[in-house]
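As given, the protein sequences belong to chains A and B, one line each in that order. In terms of the working numbering, the first sequence is numbered consecutively and its last residue is 781. In terms of the working numbering, the second sequence is numbered consecutively and its last residue is 56. Some notes on the structure that comes next.
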Amino acid sequence: MTVAPAANGLAPSAPQTGEAEHVSASACPACLAAPSAEALAKSGDLRGARIMLSLPTAHCAVCITDVERELSRQPGVRSARVNLTLKRVSIDAEPGVEAAPLVAALDGIGYEAYELDPGLLSATETDKRGRDLLMRIGVAGFAMMNIMLLSISVWSGAEDATRDMFHWISAAIALPTVVFAGQPFFASAWAGLRHGRVNMDVPISLALILASSISLYETAHHGHQAYFDAAVMLSFFLLVGRYLDYRTRAVARSAAEELAALEVPRATVLRDGAEVVVPVGELVPGDIIRVRPGGRIPADGTVTEGTSETDRSLLTGESLPVYAGPGVTLSAGEVNLTGPLTLRVTAAGKDSSLHRMADLVATAESAKTKYTSLAERAARAYSPLVHTLAFSSFLIWLWITGGDVRHAINIAAAVLIITCPCALGLAVPAVVTAASGRLFRKGLLIKDGTALERLAEVDTVVFDKTGTLTMGAPTPENLFDLTPAQFAIAAALAGASSHPLATALAAAAQARGIVPAALDDLREVPGYGVEGRLDGAILRLGRADWVGAEAGSVTATHLRIGAEAPVTLRFADSLRPGAEAAVTALLAQKKRVLLVSGDVEGAVAALARRLGIAEWHSGARPEEKAALVAEMTGAGARVLMVGDGLNDTAALASAHVSISPASALDAARTASDIVLLGQDLAPVADAVRISVQARRRIKQNFALSGLYNVVAVPIALVGLATPLAAALAMSASSITVSLNSLRLK
Amino acid sequence: MSVLTYLIPISLFLGGFGLVAFFWTLRTRQYEDPKGDSERILSDEYDDHPKG
């Protein structure tokens with residue numbers, strides 16, 4: 037009887053809802069389609085474009101609001117969020133929104149912006165590790181403070197039931213904390229032991245476990261001393277060291293990733309007569325690609341159409357542009373200078389010459405003996421010593437007391453805690469954090485953790501020429517050979533081209549107030565030069581063979597006016613700012629400085645003399661550079677290689693430590709330990725000085741923590757170490773070491 | 005000493021409260037842009053809720 041009304045109540049309503057659905061569907065078929073289309077659009081939205089832009093000039097509150105407001109005004113942009121710490125803006129946009137108009141919009145309101153490849157920024161993974169470490173530090177800090185409060189009352193004389201209660205509360209806080217906060221140490225110690233190595237985390241883990249369990253045992257048996265505070269404090273200080281270490285690496289990694297992400301590699305492919313822009317990775321042999329003047333050639337190929345000149349200084353180090361015309365083979369990485377080129381791809385991606393060079397790097401890196409850092413050396417000496425000390429004190433006390441295991445274990449635990457590598461765990465990360473922060477402000481990015489230590493040992497410095505000591509941008513040398521009339525004509529011809537030599541000449545003319553002559557029929561002949569007419573005479577500025585001049589061994593362009601004898605204009609590469617200062621400072625530091633270049637003898641010798649470098653090698657091929665570095669290393673030298681080109685990559689990898697400018701090819705930056713972010717080369721000498729200082733600080737820190745142990749260990753060995761003494765020694769040594777690291781200038 | 009039965013739980017609760025607050029700041033990613041956050045407070049653009 038109770039079911040029937042309910043069934044009755046339901047029965048009439050069911051057809052009604054069915055009808056309602058039916059009616060709505062039939063009345064407006066589009067309404068039914070619309071929600072699904074909306075849902076489709078929404079799911080597409082989720083995959084919408086996430087665009088990352090680098091904002092090197094953003095620095096203030098106004099910048100944030102300006103950039104975010106301007107970007108949200110752009111069509112298709114849903115939201116934009118500036119991260120001022122990383123100087124980046126991440127944009128959530130609808131699918132199909134391109135980065136180029138957004139960059140242009142920001143440029144319009146006065147902010148430089150560069151597109152970043154979001155795929156190369158693996159921020160989330162590292163963020164998670166950092167947050168994880170921070171959380172453990174927070175837990176350890178909370179536990180440390182509470183247990184310390186309880187311990188102080190025990191030290192100041194709490195007795196019997198009160199002391200037991202305080203110990204039990206401490207245990208309740210400390211045990212879960214040690215289990216949670218100690219995980220990074222336990223995991224690393226276990227990983228080390230499984231591979232048969234005793235690393236620094238083994239004594240740490242042992243001290244944590246032994247201190248916790250002995251304190252628990254003592255508490256249960258109404259003992260006087262418990263080391264809960266020491267165990268928790270140990271994990272807190274060590275976690276701080278770990279976090280500093282992690283931060284330094286994360287900052288370096290994120291900056292290095294940003295440099296790589298700045299080059300979004302794309303190529304223009306001709307498909308069915310239309311130009312399509314595709315990622316370089318999708319190119320296959322046989323594709324026809326277009327390369328605009330000023331563009332980098334994305335894959336190895338043969339020219340099918342067009343003439344131009346290419347700059348292959350990043351590949352070979354030669355500063356002279358090379359002719360490119362139909363049938364000429366070009367390699368990936370060359371820069372097209374004057375005319376548009378059409379290429380048939382012969383090798384792309386992994387088979388291209390760029391990647392074959394990467395194999396050379398891999399070989400050089402595998403040949404490099406693994407560097408043992410100061411911390412590893414300290415751990416190797418420290419771990420066995422501590423274990424022997426603790427174990428022998430256990431045996432000796434067992435013998436003295438005639439079999440009192442509890443007392444002997446107590447002493448052994450006290451020894452382990454007193455010798456805690458707190459200060460050792462902070463000694464290296466604190467110094468490295470301080471030093472790399474200082475160098476970062478000077479424009480040097482330390483990519484590798486041990487790079488600073490290796491840099492401190494350097495006694496020989498090898499420089500590459502083109503792009504490293506020089507800017508790779510030419511300046512005219514012998515303008516005094518030109519009469520004012522010739523100069524005016526040369527300026528007019530040069531103004532018609534975007535070739536680097538022509539732009540340099542035009543800029544020089546403008547700087548001297550030369551008014552370009554008025555010429556007729558001005559036209560650029562890609563790959564050869566510029567031609568014009570004045571009063572019926574043919575005027576040419578360009579390559580030697582085209583103009584009818586003698587080709588020389590230095591970078592030059594040639595001017596011919598009608599039937600007159602051609603004039604040769606020589607160019608020298610302009611020095612990178614700070615190059616002179618860096619070389620002088622390194623020589624003053626009594627380092628052996630060498631110049632090794634793939635360029636011709638004349639240019640290399642001139643630069644070496646100008647900078648006061650006594651030793652130079654010219655015409656060096658990539659293998660020869662690497663061999664030279666290897667040979668010097670074999671003779672006992674510690675080589676610092678500074679280079680930017682692909683031809684330096686193998687040498688960079690085989691050197692003891694290496695630096696490359698940010699303008700270098702990605703491969704060179706990857707192979708080097710330190711990246712120079714600015715234009716100026718002067719910080720290189722500073723870096724060597726700071727690294728020597730940092731190494732000294734690290735050693736001082738080791739000595740300081742060693743000193744604490746020398747004082748405290750005998751006290752622990754004779755059985756006089758109280759938890760109070762352990763707490764004092766531990767915090768005092770950690771604080772001293774941190775303060776000493778901050779003294780770095 | 006009976007006052008301890010109140011004081012210890014209270015101090016533990018307060019400490020624990022701080023710890024939970026710290027977890028919350030971590031969870032809501034408040035340490036990702038310390039420089040930007042310190043500048044954002046100077047912005048004169050009024051907002052009811054922080055931008056995502």
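Just so you know, even glycine gets a beta-carbon here, dropped at the ideal spot from N, CA and C. Predicted model only: the values in this text are computed from it and were never measured.
B:S47 belongs to the set of residues whose beta carbon lies under 8 Å from a beta carbon in chain A. The Cβ atoms of A:N737 and A:A470 do not sit closer than 8 Å to each other. With distances taken between CA atoms, A:G322 lies nearest to A:A384 out of A:T604, A:A384, A:V314. Pairing A:V451 with A:S769, the inter-Cα distance amounts to about 16 Å.
Looking at the DSSP output, A:T121 shares a beta bridge with no other residue. Using a CB distance cut-off of 8 Å, B:Y10 does not count as an interface residue toward chain A. A:M88: member of the beta strand (DSSP E) spanning 86 to 90, first to last residue. At a cut-off of 4 residues, the continuous stretches assigned as alpha helix (DSSP H) that sit fully inside the region 202 to 263 of chain A are 219 to 230, 237 to 256. A residue is called buried when at least 16 other Cβ atoms come within 10 angstroms of its Cβ; A:I710 meets this threshold and is buried.
Taking a cut-off of 8 Å for Cβ pairs, the region 410 to 430 of chain A and the region 225 to 236 of chain A touch, as three or more such pairs fall below it.
When the alpha-carbon of A:Q219 is set against those of A:G132, A:I245, A:T198, the nearest one is in A:I245.
Looking at the backbone, the Cα of A:A617 and that of A:D500 are separated by about 16 Å. One finds D37, P38, K39, G40 in chain B with Cβ atoms closer than 7 Å to the Cβ of A:T121, taken in chain order.
Between A:S694 and A:M677, the beta carbon gap of about 4 Å places them in contact (Cβ cut-off 8 Å).
The Cβ atoms of A:L351 and A:L682 lie closer than 8 Å to each other.
If you look at A:T424, you'll find it in the alpha helix (DSSP H) that goes 410 to 436. The Cβ of A:M181 sits closer than 8 Å to at least one Cβ of chain B. Taking a Cβ-Cβ threshold of 7 Å, none of the residues of chain B is close to A:F216; the smallest such distance is about 12 Å.
Comparing alpha carbon positions, the residue from A:V636, A:T496, A:A730 closest to A:V675 is A:T496. Rounded to the nearest angstrom, the gap between the Cα atoms of A:Y564 and A:G598 is 17 Å.
Beta bridge pairing from DSSP links A:D281 with no other residue. The beta carbon of A:A243 sits closer than 7 Å to the beta carbons of L270, L452, I453, C456 from its chain, once the five residues preceding and following it are set aside; these are given in chain order. No Cβ-Cβ contact shorter than 8 Å links A:Y253 with A:A449. In the DSSP assignment, A:L462 falls outside any beta strand (DSSP E) and within the unbroken alpha helix (DSSP H) covering 458 to 477. The residue from A:A704, A:E104, A:E318, A:L623 with its alpha-carbon nearest to that of A:P658 is A:A704.
Bridge partners of A:V381 according to DSSP: A:G337. Taking 8 Å as the upper bound on Cβ-Cβ separation, chain A lies near residues S15, L16, G19, G20, G22, L23, F26 of the region 13 to 26 of chain B. Taking one beta carbon from each stretch, the region 519 to 528 of chain A and the region 759 to 778 of chain A have fewer than 3 pairs nearer than 8 Å; the two do not touch. For A:L142, the enclosing alpha helix (DSSP H) has its first and last residue at 135 to 144.
Partner residues in the beta bridge of A:Y150, as assigned by DSSP, are A:S90. Chain-ordered, the chain B residues with CB closer than 9 Å to the CB of A:C96 read E43, L46.
Any Cβ of chain B closer than 8 Å to the Cβ of A:R167 would place that residue at the interface, and such an atom is present.
Assignment of alpha helix (DSSP H) within the region 561 to 595 of chain A, counting only whole runs of 4 or more residues, yields 580 to 583 in chain order.
Approximately 18 Å separates the beta-carbon atoms of A:V665 and A:A644; this is outside 8 Å, ruling out the contact.
Among the bridge pairs identified by DSSP, A:T511 is matched with A:A608. Here the C-alpha atom of A:A573 lies approximately 10 Å from the C-alpha atom of A:R596.
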